[in-house]
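J.: Protein chains in written order, with the working numbering: chain G, 1 to 185; chain R, 1001 to 1305. Glycine is no exception: its CB is placed at the ideal position from the N, C-alpha and C atoms. This is the structure, below, for whatever I ask next.
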């Protein structure tokens, strides 16, 4: 049983966070893991949509969300947030982009700031498959078609009513036959 | 008249916090809600709880931000695999029930405390121990703290579970903080830093608003030690004066990237929104208990007079 660490206040992330982090093998070991994820997070903030392998995308999504949520919560005058932004973004102009573009964009968001979509897998290939990691509100065309609620469209309403009528008629017929059977027995 | 006025305002639902002490934290804390300070007749400052409105226009009670330092055991264990909201809620109810029976005061690592437990084998049926709190941990009903003292040249540490029903009384004799969150190095320090008289009287605080941070730097005994203190970045210890090879090995073994590991920090703590929800839930009950204790103390001092 451990007590929660109180030294930092963090915002709740609106993505699914797994209990354990992934190791991400590299020659330097654990030191290299953050170096690789830094490159991914920098690329995500720079290009706003990147295609990469799924495990690294999932890890980088967490770090990107944490960086943006810290920037929104604390602003750019907060020393710790600026240190984190300086570490995680390899290009210094992206620190300006984070605070001046992304923070106002995501200020009033009630959802996550990024989207992780499974990408095409060509056989043979990396077993975990590709993924596309993008920041929401990017200027590119949408990856997935918009989902509409077709439930209240006229033909669906008529079909649902027709199904209900058919089912109730069938139940009456079955009830009629069972009653006649019980009456006979 | 004043007492009735105070009760009336309480009944009207104006929640005024009676927690005058703002814990001074070592790291930066962001205050997400504004605190309004109003001064009482006695010249003491009160921090009123912010009644913010949510989208539907209903008032939402928000606890003061210091609550997470004063009551860290109300926050659950951050390990995701073992979290269960219902269990945590029931545990908080039980904790409040216990707190209504016995006063568990605000304390920090570095405070000198006296704990009285009921002991069947002792002649007075009670056993009292005075010591400095070197570590506290656990969450919920299993929250504990360790008191250390040197008794007849023998170092003694006792782990007390805060919500154990055997505990009769917890007194804070000296409320202060140190430069570190864990004072386990006192085991390897000179005994004078861990010695406190067993009949120590509670000390009066100079400033009720702020918990002072004692900048004491402790001198350690010569090696061998129980832990490799040079690897732990201790603030409250004097210069260790070790040969350079110790510091070189410490650098080799160090993990400097963990300082920047945002997800590691996230998995070790409870998010701010959840903390606010938890403390908003328990805040009114804690306030009521504090108010009742104050009334009892005031009535007691009036009777004495």
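#1: Check the Cβ-Cβ distances between residue 66 of chain G and every residue of chain R, and say whether any is below 8 Å.
#2: To the nearest whole angstrom, what separates the beta carbons of residue 1102 of chain R and residue 1167 of chain R, a pair I think is in contact under 8 Å?
#3: Does chain R have any CB closer than 8 Å to the CB of residue 135 of chain G?
#4: Residues bridged to residue 131 of chain G by DSSP?
#5: I'd like to know if residue 1170 of chain R contacts chain G, where contact means its C-beta is closer than 8 Å to some C-beta of that chain.
#6: Which of helix, strand or coil does DSSP assign to residue 1008 of chain R?
#7: Following the continuous beta strand (DSSP E) through residue 1112 of chain R, name the residue where it begins and the one where it ends.
#8: How should residue 74 of chain G be labelled, buried or exposed, when 16 other C-beta atoms within 10 angstroms of its C-beta is the threshold for buried?
#9: Go ahead and pull the three-state DSSP assignment for residue 1126 of chain R.
#10: Assuming residue 99 of chain G is part of the alpha helix (DSSP H), what are its boundary residues?
#11: Does any C-beta atom of chain G lie closer than 8 Å to the C-beta of residue 1268 of chain R?
#12: Where residue 1164 of chain R and residue 1228 of chain R are concerned, what is the direct C-alpha to C-alpha distance, given to the nearest angstrom?
#13: Between the region 1127 to 1151 of chain R and chain G, which residues of the former have CB atoms less than 7 Å from a CB of the latter, in chain order?
#14: Which whole-angstrom value is the C-beta distance of residue 1202 of chain R and residue 1173 of chain R, which I expect to be below 8 Å?
#15: Measure from the alpha carbon of residue 145 of chain G to the alpha carbon of each residue in G:57, G:109, G:152 and G:117, then state which is nearest.
#16: I need the DSSP call for residue 1101 of chain R, collapsed to helix, strand or coil.
#17: By DSSP's criteria, residue 1177 of chain R is part of a beta bridge. Which residues make up the other side?
#18: What number of angstroms, rounded off, separates the C-alpha of residue 21 of chain G from the C-alpha of residue 57 of chain G?
#19: At a CB-CB cut-off below 9 Å, which residues of chain R make contact with residue 100 of chain G?
#20: Mind listing the chain R neighbours of residue 62 of chain G? Cutoff is C-beta to C-beta under 9 Å, in chain order.
#21: Name, in chain order, the residues that DSSP records as bridge partners for residue 1131 of chain R.
#22: Name the DSSP beta bridge partners of residue 1278 of chain R, please?
#23: Mapping the DSSP letters down to three states, classify residue 1155 of chain R as helix, strand or coil.
#24: Which class does residue 1161 of chain R belong to by DSSP, given the choice of helix, strand or coil?
#25: Which of helix, strand or coil does DSSP assign to residue 153 of chain G?
#26: Quick one: grab the DSSP three-state call for residue 68 of chain G.
#27: Determine, using beta carbons only, whether residue 48 of chain G and residue 134 of chain G come nearer to each other than 8 Å.
#28: Closer than 9 Å by beta-carbon distance: list the chain C residues that pair up with residue 2 of chain G, in chain order.
#29: Once DSSP output is grouped into helix, strand and coil, what is the label at residue 1149 of chain R?
#30: Mind pulling the chain R residues with CB within less than 9 Å of residue 19 of chain G?
#31: Indicate whether the contact test is met: 3 or more Cβ pairs, each with one atom in the region 88 to 97 of chain G and one in the region 165 to 179 of chain G, closer than 8 Å.
#32: Mapping the DSSP letters down to three states, classify residue 1223 of chain R as helix, strand or coil.
#33: Using a Cβ-Cβ cutoff of less than 8 Å, which residues in the same chain neighbour residue 72 of chain G once the five nearest sequence positions on both sides are dropped?
#34: What's the call for residue 1235 of chain R, buried or exposed, on a 16-neighbour Cβ count within 10 Å?
#35: Which partner residues does residue 1167 of chain R have in the DSSP bridge list?
#36: Return the first residue and the last residue of the alpha helix (DSSP H) that residue 30 of chain G is part of.
T.: To lay it out plainly:
#1: Stepping through the first chain from its first residue, residue 66 of chain G is reached at position 66. Residue-level contact by beta carbon holds for residue 66 of chain G and chain R, with a gap shorter than 8 Å.
#2: For the purposes of this step, residue 1102 of chain R is identified with residue 102 of the second chain, where counting begins at 1. For the purposes of this step, residue 1167 of chain R is identified with residue 167 of the second chain, where counting begins at 1. The C-beta separation of residue 1102 of chain R from residue 1167 of chain R comes to about 7 Å, placing the pair in contact by the 8 Å criterion.
#3: Counted from its first residue, the first chain places residue 135 of chain G at position 135. Not closer than 8 Å to any Cβ of chain R, the Cβ of residue 135 of chain G fails to qualify, so no.
#4: Taking the first chain and counting its residues from 1, one reaches residue 131 of chain G at position 131. The partner list for residue 131 of chain G (beta bridge, DSSP) reads G:52 and G:118.
#5: Along the second chain, one-based indexing puts residue 1170 of chain R at 170. Put simply, the CB of residue 1170 of chain R is far from chain G, with every gap to its CB atoms at 8 Å or more.
#6: Here residue 1008 of chain R refers to the residue found at position 8 of the second chain. The pLDDT assigned to residue 1008 of chain R is 39, lower than 50, so where the model puts this residue is not dependable, and the model offers no usable value.
#7: As a position in the second chain, residue 1112 of chain R is number 112, starting the count at 1. That run of the beta strand (DSSP E) goes 1112 to 1118.
#8: The count along the first chain starts at 1 and reaches residue 74 of chain G at position 74. Result: buried.
#9: Within the second chain, numbered from 1, the residue matching residue 1126 of chain R stands at position 126. In the displayed model, residue 1126 of chain R falls within a strand according to three-state DSSP.
#10: Locating residue 99 of chain G in the first chain gives position 99, counting from the first residue. For residue 99 of chain G, there is no enclosing alpha helix (DSSP H), since its DSSP letter is neither H nor E.
#11: Residue numbering aside, residue 1268 of chain R sits at position 268 when the second chain is read from its first letter. Cβ-Cβ to chain G under 8 Å: yes for residue 1268 of chain R.
#12: As a first step, residue 1164 of chain R must be located in the second chain, where it is residue number 164. As a first step, residue 1228 of chain R must be located in the second chain, where it is residue number 228. Put simply, the backbone Cα of residue 1164 of chain R is about 33 Å away from that of residue 1228 of chain R.
#13: Closer than 7 Å at the C-beta level to chain G, one finds these residues of the region 1127 to 1151 of chain R: 1137, 1138, 1139 and 1142.
#14: For the purposes of this step, residue 1202 of chain R is taken as the residue at position 202 of the second chain. For the purposes of this step, residue 1173 of chain R is taken as the residue at position 173 of the second chain. Indeed, because the Cβ distance is near 5 Å, the residues count as touching under 8 Å.
#15: What you label residue 145 of chain G is simply residue 145 of the first chain in a count that begins at 1. Answer by Cα proximity: G:117.
#16: Walking along the second chain from the start, residue 1101 of chain R turns up at place 101. DSSP places residue 1101 of chain R in helix when its eight states are reduced to three.
#17: Translated into positions along the second chain, residue 1177 of chain R becomes position 177. Residue pairing by DSSP puts residue 1177 of chain R in a beta bridge opposite R:1213.
#18: As a first step, residue 21 of chain G must be located in the first chain, where it is residue number 21. As a first step, residue 57 of chain G must be located in the first chain, where it is residue number 57. About 13 Å.
#19: To locate residue 100 of chain G, count along the first chain from 1; it is residue 100. Here the premise fails: no neighbours, minimum Cβ distance about 20 Å.
#20: Residue 62 of chain G sits at position 62 when you count from the first residue of the first chain. Taking a Cβ-Cβ threshold of 9 Å, the residues of chain R close to residue 62 of chain G are 1262, 1263 and 1266, in chain order.
#21: The residue you call residue 1131 of chain R lines up with position 131 of the second chain. Note: residue 1131 of chain R sits in a beta bridge opposite R:1113.
#22: The sequence position of residue 1278 of chain R within the second chain is 278, counting from 1. Residue pairing for residue 1278 of chain R: DSSP places it in no beta bridge.
#23: Taking the second chain and counting its residues from 1, the one referred to as residue 1155 of chain R is at position 155. The three-state reading of DSSP puts residue 1155 of chain R in strand, counting E and B together.
#24: For the purposes of this step, residue 1161 of chain R is identified with residue 161 of the second chain, where counting begins at 1. DSSP, read as helix, strand or coil, puts residue 1161 of chain R in strand.
#25: Position 153 of the first chain, counted from the start, is the residue given in the question as residue 153 of chain G. DSSP places residue 153 of chain G in coil when its eight states are reduced to three.
#26: As a first step, residue 68 of chain G is located in the first chain; it is residue number 68 there, counting from the start. Helix at residue 68 of chain G.
#27: On the first chain, residue 48 of chain G is found 48 positions in, with the first residue counted as 1. On the first chain, residue 134 of chain G is found 134 positions in, with the first residue counted as 1. Contact annotation: residue 48 of chain G and residue 134 of chain G have beta-carbon atoms nearer than 8 Å.
#28: Looking at the structure shown, chain C is missing, and the protein chains on hand are G and R.
#29: Position 149 of the second chain, counting from 1, holds the residue named residue 1149 of chain R. For residue 1149 of chain R, the three-state secondary structure derived from DSSP is strand.
#30: If you number the first chain from 1, residue 19 of chain G lands on position 19. Against chain R, a Cβ distance below 9 Å from residue 19 of chain G picks out 1079, 1080, 1081 and 1267.
#31: Contact fails: fewer than three Cβ-Cβ distances are below 8 Å.
#32: Your numbering for residue 1223 of chain R matches position 223 in the second chain. In the structure shown, residue 1223 of chain R sits in coil (DSSP, three-state: anything other than H, G, I, E or B).
#33: In the first chain, the residue the question calls residue 72 of chain G occupies position 72. Closer than 8 Å at the Cβ level, and outside the excluded window around residue 72 of chain G, lie 11, 103, 106 and 107.
#34: As a position in the second chain, residue 1235 of chain R is number 235, starting the count at 1. Exposed, by the Cβ-count rule.
#35: As a working note, residue 1167 of chain R is residue 167 in the second chain. Its beta-bridge partners are R:1117.
#36: Your numbering for residue 30 of chain G matches position 30 in the first chain. Counting along the chain, residue 30 of chain G sits inside the alpha helix (DSSP H) bounded by residues 30 to 47.
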